[in-house]
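Numbering of the sequence shown is given in the working numbering, commencing with residue 8 and proceeding in unit increments. For reference, the structure discussed in these notes is given below.
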Amino acid sequence: MDWKTAIENYKSFLILERSLSPNSVDAYLNDINKLASFCNENHGVASPTEATNEQLSDFISTLMENGVTERTQARTISSIRSFFKYLVFDGVITTNPAKMLEAPKIGRKLPNILTADEVDAIENAVEMYKPEGQRNRAIIEMLYSCGLRVSELIDLKLSNINFRTGIVKIEGKGNKERMIPLSKNAKNELKNYFKSYRDYLDIPTENADIVFLNKHGRPLSRVMVFNIIKHLAERAGITKKISPHTFRHSFASALVQGGADLRAVQDMLGHESILTTEIYTHLDNHYLKDTIYKYHPRADVNTEE
């Protein structure tokens, strides 16, 4: 089996068996295609069945020599491990040459977050005199109030919003569903968006259930949402490097710092592992100190800095 056939079969596995998003599938395949080219050109290996641990390690060493970051190296190794694990599972190979690959040790990078005041400043920077102004306010509010990924925002369906119960159903990674309470602000911004903008659009039938649309009645792209955020942040004088995902981090951080149960936050974010959610407990050392001082029975012994 040559590389091309193996990679095509792997692609089908990622889509059909693991239900990964198109972006995740592309990321995996990009890494494996680079590996295939390297092995073919440098070692004459025309099939993954011939690849050895030494050749895979040589590929990773080349990435290091070319200045690829440790985080990217770790992601690439993860992709390679997944690919060869699949080949073993599918009976293509019996020994996994990627099993002993060593990933670089990387620290967990704490994300940028926005304060509630900064979020308000961004919302207030919306040019409400423009037709799409109310739509953009609703976008900011949904990102912050519900902690949505940008992909979840642009795929959000009208049929998944229940204004009566105040619950929005989110279809997340791997087609996994989760329920998130809809804040009063989010409800108001959405309703105002519908009345002032969306209800006046000429919407094709296939887009009738999509919440956020452009002036042509088509779904927004990821890039368009990124550009909206960038523009409004500049208008608001926010100097932090932010993206739509920053609002998701800010949502989670605000909940954790407000005393929310970590498992509940995990459910609302749709994290597979609570270890991913735990990063938000490291964002504010003062909050952690205050928690210890308030609840620990020995905290009154010495509370000085």
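Glycine included, every Cβ here is placed at the ideal spot set by N, Cα and C.
DSSP places residue 188 inside the beta strand (DSSP E), whose first and last residues are 184-188. Bridge pairing for residue 174: 169, 188 [DSSP]. Assignment of residue 226 by DSSP, reduced to helix, strand and coil, places it in the strand class. For the pair of segments examined, the region 178-188 was found to touch the region 273-288: the number of CB pairs separated by less than 8 Å reaches three. Within 10 angstroms of the beta-carbon of residue 104 lie 16 or more other beta-carbons, which makes it buried. When the beta-carbon positions are compared, residue 138 and residue 204 come within less than 8 Å of each other. When secondary structure is reduced to three states using DSSP, residue 137 falls in the coil class, being assigned neither helix nor strand.
Pairwise C-beta distances place the region 214-228 in contact with the region 138-154, as three or more of them are shorter than 8 Å. Two segments are said to touch when three or more pairs of C-beta atoms, one from each, lie closer than 8 Å; by this definition the region 243-257 does not touch the region 197-213.
Relative to residue 151, the option among 194, 244, 25 whose CA is nearest is 194. Excluding residues up to 5 positions away in sequence, 153, 167, 168, 187, 189 lie with their Cβ nearer than 7 Å to the Cβ of residue 175 in the same chain. Residue 246 counts as exposed, since fewer than 16 other beta carbons sit within 10 angstroms of its beta carbon.
Counted as a single uninterrupted DSSP element, the alpha helix (DSSP H) harbouring residue 85 occupies residues 77-96.
Across the structure, residue 15 and residue 207 are spaced so that their CA atoms are roughly 44 Å apart.
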